[in-house]
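With UniProt numbering, the residue at position 98 of the sequence shown is 98, and numbering never jumps. For glycine and all other residues, C-beta sits at the position ideal for the given N, C-alpha and C. To start, the structure under review is shown below, and the notes come after it.
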Amino acid sequence: MNTPMNLNELSEYPYVLPLDESNYLYSFQSSLRSFDIGVSRSFRNIISVKYPNLCQNQQHLRLFAYLLFTSFLDADTHYPIVSREVLASLRDEFKLVQQGKFRVAKILDDFQEFTSIRLNVVPYKHSHGRATQARLELDAELQQQYQQELECDKQEIYLVSGKPCSIRQKQHDKKLALAAARAKNPDRSRVNIGVLDYLNSIKSNVYRQFQRNIKTARVYVINEYSGPKQEQQLRILRHLNTFFHPHYQQVENTERLYTVGASVSQLSSPVRKLIFQGCRTYDLSNAHLAITATLWGLHDLRRLLKEQKTIWPYLLNLLELNEQQKPALKRVIYATVYGMPESSLKGLITRSLGRDVTERFMESEFGQTLLTSRDYRMNQKRELGYVEDAYGRKYYVDPNHVEKSIRTLLSREISSYEFKIMSSIIRVLDGNKKAQCVLWLHDGVTIRYSDRSQMERWERKIIAEVNAAADELGVESRLEWEDKGSNPACYTLDA
Numbered sequence: 001m002n003t004p005m006n007l008n009e010l011s012e013y014p015y016v017l018p019l020d021e022s023n024y025l026y027s028f029q030s031s032l033r034s035f036d037i038g039v040s041r042s043f044r045n046i047i048s049v050k051y052p053n054l055c056q057n058q059q060h061l062r063l064f065a066y067l068l069f070t071s072f073l074d075a076d077t078h079y080p081i082v083s084r085e086v087l088a089s090l091r092d093e094f095k096l097v098q099q100g101k102f103r104v105a106k107i108l109d110d111f112q113e114f115t116s117i118r119l120n121v122v123p124y125k126h127s128h129g130r131a132t133q134a135r136l137e138l139d140a141e142l143q144q145q146y147q148q149e150l151e152c153d154k155q156e157i158y159l160v161s162g163k164p165c166s167i168r169q170k171q172h173d174k175k176l177a178l179a180a181a182r183a184k185n186p187d188r189s190r191v192n193i194g195v196l197d198y199l200n201s202i203k204s205n206v207y208r209q210f211q212r213n214i215k216t217a218r219v220y221v222i223n224e225y226s227g228p229k230q231e232q233q234l235r236i237l238r239h240l241n242t243f244f245h246p247h248y249q250q251v252e253n254t255e256r257l258y259t260v261g262a263s264v265s266q267l268s269s270p271v272r273k274l275i276f277q278g279c280r281t282y283d284l285s286n287a288h289l290a291i292t293a294t295l296w297g298l299h300d301l302r303r304l305l306k307e308q309k310t311i312w313p314y315l316l317n318l319l320e321l322n323e324q325q326k327p328a329l330k331r332v333i334y335a336t337v338y339g340m341p342e343s344s345l346k347g348l349i350t351r352s353l354g355r356d357v358t359e360r361f362m363e364s365e366f367g368q369t370l371l372t373s374r375d376y377r378m379n380q381k382r383e384l385g386y387v388e389d390a391y392g393r394k395y396y397v398d399p400n401h402v403e404k405s406i407r408t409l410l411s412r413e414i415s416s417y418e419f420k421i422m423s424s425i426i427r428v429l430d431g432n433k434k435a436q437c438v439l440w441l442h443d444g445v446t447i448r449y450s451d452r453s454q455m456e457r458w459e460r461k462i463i464a465e466v467n468a469a470a471d472e473l474g475v476e477s478r479l480e481w482e483d484k485g486s487n488p489a490c491y492t493l494d495a
């Protein structure tokens, strides 16, 4: 991306939740000035016949392509996110964004007027912490063609440029994408630089065996998923066919490292397992709540985590929810911890889980304890004027944006402890050709063991290192092998 989003200035997404895995807004998206994607010739021909005006304006065509194929979708509506930063890249109008003069509505209105294509727009809403979103309203025939396009992933010609999608061109695009990702010079004074260097040192040939599993993963998604979830996963897989190799970068206000553009990290856990067959994925159990309990002195929560090992069965039972509602519940917990105002929090719970769950959460001892403790913690930081992270570095409250600054600093404080614990893995992996991290997921990792006979040996070292780091910080969390329910790794194309 030519100009990365500044997480400190995301006024369209005011409640910063960088620990929420379903919130993909914080990964750098491709600039629309260069956004293009391979499609079948028949699909491009249909587009040119149905929307003749569209192909006469490359900016509108790029926006059309983005809305059809971007992997950056809102977690709740599943509509493409069209924040000001994204749309400004169409015309290189970042100065207007900085001056507060850029208007998202004008860009979208111009698109609809010129192309005669209608958009279903979900407007930016501060109280909901929601960025602007827009989805193309396709007629039944084109929607069917689009679905077929996602399912077959036949890439013969680029939708915007019209150039053939030759193997040579794809290889050239991969080199350009990797060069662009590497062009951004990291801040070498930051504590995450060692992990960043390690992750970006993994060679592309390590990922070739996993890229070959995309076809199997696509069949799984088509057969096992439906609706918006299926569409989103197919969008991601389409991008991975062109550029699979994950590349990581620093972002502001957190030590967490994020992948550039569409990434395998955006796939659901079962699909990732299919892609990384033969590898093992590990999670830091209850990481965010365990760190919060330690920092905030929530002794009952620490005791519960120590006894139960996991918080989620307790919370699902408390709020009368099922396992499928767990991702929505996680977003509620993160929003609570990181300072979303109570009125907005109630709205979030009602929209995602229902009004009855809102009442149960607000009236529960757990909910009240979390809300009271976070308000006390925020008041502490207001009075103190800064937050000190796990590395002893101080970050000061912005006097011009106190409330927003405090929410961001709360997140930064907790994520620094998470990163410090997880980064201990690199002490085992750095320079190790027998065990390599092929995917970094903040509070989880996927490890490729090249020598299966030594897998248990290296696994014990990795787990021991992470657990020792958690113990040193007094955090009731453990690195565990992710083995949840049925394993799709045995899924085949005949399934």
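Report the option in the options whose CA atom is closest to the CA atom of residue i.
i: Asn158; options: Gln148, Leu289, Thr242; result: Note that residue 158 is Tyr in the sequence shown, not Asn. Here the closest residue by C-alpha is Thr242.
i: Glu320; options: Asp300, Arg331, Leu301, Arg355; result: Arg355
i: Asn185; options: Ile222, Tyr248, Pro228, Arg168; result: Tyr248
i: Ser40; options: Glu149, Thr294, Ser343; result: Glu149
i: Lys330; options: Glu476, Ser343, Ser352; result: Ser352
i: Pro399; options: Phe43, Ser285, Arg382, Ile291; result: Arg382
i: Leu473; options: Pro80, Thr292, Asp173; result: Thr292
i: Tyr225; options: Ser269, Arg208, Arg212, Arg256; result: Ser269
i: Lys106; options: Asp74, Arg84, Val260; result: Arg84
i: Gly162; options: Phe43, Val219, Tyr146; result: Phe43
i: Leu73; options: Asn432, Phe366, Leu234; result: Leu234
i: Thr310; options: Ala287, Trp296, Ile463; result: Ala287
i: Ala75; options: Gln58, Val219, Arg168, Val332; result: Val332
i: Leu441; options: Glu255, Gln98, Asn432; result: Glu255
i: Asp173; options: Leu284, Glu93, Phe35, Ser89; result: Phe35
i: Val49; options: Leu142, Leu87, Lys101, Gly100; result: Leu142
i: Lys433; options: Ala290, Glu359, Met422, Ser201; result: Ser201
i: Arg377; options: Glu363, Thr294, Ser343; result: Thr294
i: Ile463; options: Glu482, Asp451, Arg130; result: Glu482
i: Ile421; options: Thr358, Glu342, Tyr391; result: Tyr391
i: Arg190; options: Gly444, Val121, Ser416, Leu298; result: Ser416
i: Asn192; options: Arg393, His299, Ala470; result: Arg393
i: Arg208; options: Leu119, Arg188, Phe244, Lys175; result: Phe244
i: Phe210; options: Ile447, Asp471, Arg452; result: Ile447
i: Asp451; options: Gln436, Val445, Tyr396; result: Gln436
i: Arg91; options: Pro341, Gln58, Lys215, Gly347; result: Gln58
Skipping 5 residues on each side, what residues in its chain have a beta carbon closer than 6 Å to that of residue i?
i: Ile236; result: Ser71, Ala262, Gln266, Leu267
i: Met455; result: Tyr449
i: Gln155; result: Gly38, Cys165
i: Ala328; result: Ser352, Leu353
i: Ile222; result: Glu151
i: Gly367; result: Phe361
i: Gly120; result: According to the sequence as given, residue 120 is Asn; it is not Gly. Here the set comprises Arg135, Glu137.
Closer than 7 Å by C-beta to residue i: which residues in its own chain qualify, once you throw out the five before and the five after it? Chain order, please.
i: His60; result: Leu54, Phe111, Phe114, Thr115
i: Arg374; result: Thr336, Val337, Gly339
i: Asp430; result: Tyr198
i: Lys170; result: Thr242
i: Glu465; result: Ser424, Ile425, Arg427, Val428
i: Gln308; result: Tyr314
With residue i and residue j assumed to form a contact (beta carbons below 8 Å), what rounded beta-carbon distance in angstroms separates them?
i: Thr77; j: Val104; result: With 8 Å as the limit, Thr77 and Val104 do not qualify as a contact, their Cβ atoms being about 16 Å apart.
i: Leu439; j: Pro228; result: That belief does not hold up - the Cβ atoms of Leu439 and Pro228 are roughly 24 Å apart, past 8 Å.
i: Val160; j: Arg33; result: Between Arg33 and Val160 the Cβ distance is about 11 Å, and since that is not below 8 Å, they are no contact.
i: Leu240; j: Gln250; result: Contact doesn't hold; Cβ gap of about 23 Å is too wide.
i: Ile275; j: Asn213; result: 5 Å
i: Leu68; j: Tyr146; result: 7 Å
i: Glu476; j: Ala290; result: 5 Å
i: Leu305; j: Thr369; result: Not a contact, Cβ separation roughly 14 Å.
i: Tyr220; j: Val271; result: 7 Å
Which residues in the same chain have their Cβ closer than 8 Å to the Cβ of residue i, if we skip the five residues on either side of it in sequence?
i: Asn467; result: Arg478, Leu479
i: Lys326; result: Trp312, Leu316
message: At 4 residues or longer, what runs of the alpha helix (DSSP H) sit wholly inside the region 371 to 425?
response: 402 to 422
message: Quick check on the DSSP output: what are the complete beta strand (DSSP E) runs of length 3 or more inside the region 421 to 452, in order along the chain?
response: 435 to 440, 444 to 449
query: Hey, is the region 456 to 466 in contact with the region 269 to 289, meaning 3+ C-beta pairs nearer than 8 Å?
result: yes
query: Any contact of the region 382 to 396 with the region 408 to 423, i.e. 3+ C-beta pairs under 8 Å?
result: yes
- request: Give, in chain order, every unbroken run of the beta strand (DSSP E) that is at least 3 residues long and sits entirely within the region 127 to 170.
  value: 133 to 136
message: Whether or not the region 77 to 87 and the region 134 to 147 are in contact is what I'm after, with contact meaning three or more pairs of Cβ atoms, one per stretch, closer than 8 Å; do they touch?
response: yes
message: Threshold first: 3 residues or longer. Then list the beta strand (DSSP E) segments lying entirely within the region 300 to 327, N to C.
response: none
field: Every unbroken beta strand (DSSP E) inside the region 233 to 302 [3 residues or more]
entry: 248 to 250, 257 to 259, 280 to 284
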